[in-house]
Amino acid sequence: GWTYLFNTLYDDGAQPLTAGRAIKVTTKIPRMRNWLVTVQEFESYPEMGTRSVVISPNPSRQRVGIFYNITANGRAALKVYNAAGQLVRTLFDEHKTAGVYSLRWNGADDRNRTVASGVYLYSLETCGKCASTRGVLVR
Numbered sequence: 330g331w332t333y334l335f336n337t338l339y340d341d342g343a344q345p346l347t348a349g350r351a352i353k354v355t356t357k358i359p360r361m362r363n364w365l366v367t368v369q370e371f372e373s374y375p376e377m378g379t380r381s382v383v384i385s386p387n388p389s390r391q392r393v394g395i396f397y398n399i400t401a402n403g404r405a406a407l408k409v410y411n412a413a414g415q416l417v418r419t420l421f422d423e424h425k426t427a428g429v430y431s432l433r434w435n436g437a438d439d440r441n442r443t444v445a446s447g448v449y450l451y452s453l454e455t456c457g458k459c460a461s462t463r464g465v466l467v468r
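Those letters in the sequence shown? Residues 330 to 468, by our numbering.
Printed below as a string of structure tokens:
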């Protein structure tokens with residue numbers, strides 16, 4: 330079968346390729362609308378390389394772009410911790426299929442309160458493994 334990507338990201342609005350359907354080629358950036366955490370189109374996508382979680386831009390102002398790679402189907406969670414190690418926000422904790430995803434965190438905690446400027450740890454837990462990266466949020 331065919332796999333279609335834009336800058337290594339799947340377009341969540343795309344349909345599976347089946348008999349009787351045409352392939353449309355476009356330069357339009359796909360809408361990343363999977364998540365309830367203030368998802369918007371991104372002007373550019375960072376290079377993932379071998380990393381599982383990438384923050385862009387870093388430092389960020391008000392909204393943080395988070396790009397992450399799920400390597401196998403299964404339960405996954407993406408959580409944000411402050412510099413003291415306290416859980417600030419659980420962005421998701423659910424079953425995911427393998428793939429590269431993106432979302433934009435609006436800088437609010439689990440109670441929807443705006444968090445302070447500072448260093449935050451973004452932790453992706455999947456398949457019994459944990460990957461994390463640090464990012465700076467500037468207000």
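Quick reminder that beta carbons are idealized off the backbone N, C-alpha and C, glycines included.
In this text, all values refer to a predicted model and were calculated from it rather than measured experimentally.
*Residue range of the unbroken beta strand (DSSP E) whose run includes Cys459*: First-last of the beta strand (DSSP E) with Cys459: 458-467.
_Where Ala458 falls, given that 16 or more other Cβ within 10 Å makes a residue buried_ = Reading off the sequence, residue 458 comes out as Lys, not Ala. So Lys458 counts as exposed.
*asked:* Quick check on the burial criterion: 16 or more other C-beta atoms within 10 angstroms. Buried or exposed for Thr426?
replied: Exposed is the call here.
*Please report how far the alpha carbon of Leu417 lies from the alpha carbon of Leu466, in whole angstroms.*
Sequence inspection shows Val at residue 417; the Leu mentioned does not correspond to that position. Take the alpha-carbon of Val417 and the one of Leu466: they are about 13 Å apart.
*Chain-order list of residues whose beta-carbon lies under 6 Å from that of Leu450 (same chain, five-residue window excluded)*: Taking C-beta separations shorter than 6 Å and ignoring five residues to either side along the sequence, the partners of Leu450 in its chain run Tyr410, Ser461, Arg463, following chain order.
*Report all residues from its chain with a CB closer than 8 Å to the CB of His424; omit the five preceding and five following residues, and keep chain order.*
Excluding residues within five positions, the ones whose Cβ falls inside 8 Å are Asn402, Gly403, Arg404, Ala405.
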